[in-house]
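Structure first, commentary second.
Numbering (this note's numbering), first residue to last: 2 to 170.
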């Protein structure tokens with residue numbers, strides 16, 4: 002197949018775009034593709050992590066526009082403002098998560114499904130990590146059951162907790 006631009010060289014770059022609901026295909030040689038590349042993929046200043054994630058997930062997931070004093074507030078550790086975080090999609094340091102927690106949490110929850118990092122479990126020592134997580138979960142449930150004065154449920158959770166702690170050892 003020959004290039005649709007110069008009609009001389011073989012087409013090595015194949016581009017498919019959907020414009021107004023119709024698929025448009027271009028078959029170009031490397032030279033013509035390099036010349037048209039800047040026009041076809043001109044993103045201007047809109048490229049950021051939030052735009053990239055939004056386009057991958059099908060919705061414009063952006064950090065919410067909040068007109069609060071925190072948009073002027075800066076991180077005490079690195080000095081980054083919320084407006085610059087919103088513009089770049091990057092946080093300056095780990096303290097930014099705490100400084101801008103209220104603004105970031107809804108966005109993180111929408112994008113990741115949760116606002117707390119869980120991580121991956123290694124395959125070799127994964128059973129031990131899973132047991133520790135289950136123990137932590139049961140301890141939380143035990144405290145909740147005791148505070149709600151549900152002593153029968155608390156006794157069942159305590160027994161399960163003892164079994165899991167024996168398996169951990």
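All residues carry an ideal CB built from backbone N, CA and C; glycine is no exception.
Between the Cα of residue i and those of the options, spot the shortest distance and give me the residue it belongs to.
| i | options | result |
| --- | --- | --- |
| residue 29 | 23, 19, 8 and 22 | 8 |
| residue 140 | 34, 106 and 154 | 154 |
| residue 132 | 149, 165 and 105 | 165 |
| residue 192 | 127, 6 and 88 | Residue 192 lies beyond the stretch modelled for the chain, which goes from 2 to 170, so this question has no answer here. |
| residue 99 | 87, 78, 88 and 113 | 78 |
| residue 33 | 112, 10 and 87 | 10 |
Would residue i and residue j qualify as a contact pair, given that the criterion is a beta-carbon distance under 9 Å?
| i | j | result |
| --- | --- | --- |
| residue 76 | residue 96 | yes |
| residue 14 | residue 31 | yes |
| residue 82 | residue 74 | yes |
| residue 3 | residue 17 | no |
| residue 80 | residue 93 | yes |
| residue 122 | residue 162 | no |
| residue 159 | residue 143 | yes |
In this structure, how does DSSP classify residue i when only helix, strand and coil are distinguished?
| i | result |
| --- | --- |
| residue 85 | helix |
| residue 96 | helix |
| residue 133 | helix |
| residue 43 | Its pLDDT being 40, under 50, residue 43 is placed unreliably in this model, and the value from its coordinates should be taken loosely. Note: residue 43 maps to coil in three-state DSSP. |
| residue 157 | helix |
| residue 8 | coil |
| residue 67 | With a pLDDT of 41 at residue 67, under the threshold of 50, the modelled position of that residue is not reliable, and no figure is offered here. |
| residue 13 | coil |
| residue 151 | coil |
| residue 145 | helix |
| residue 74 | coil |
| residue 170 | coil |
| residue 140 | helix |
| residue 121 | coil |
| residue 163 | helix |
DSSP beta-bridge partners for residue i?
| i | result |
| --- | --- |
| residue 108 | In the DSSP output, where bridge partners are listed per residue, residue 108 has none listed. |
| residue 29 | 14 |
| residue 23 | 20 |
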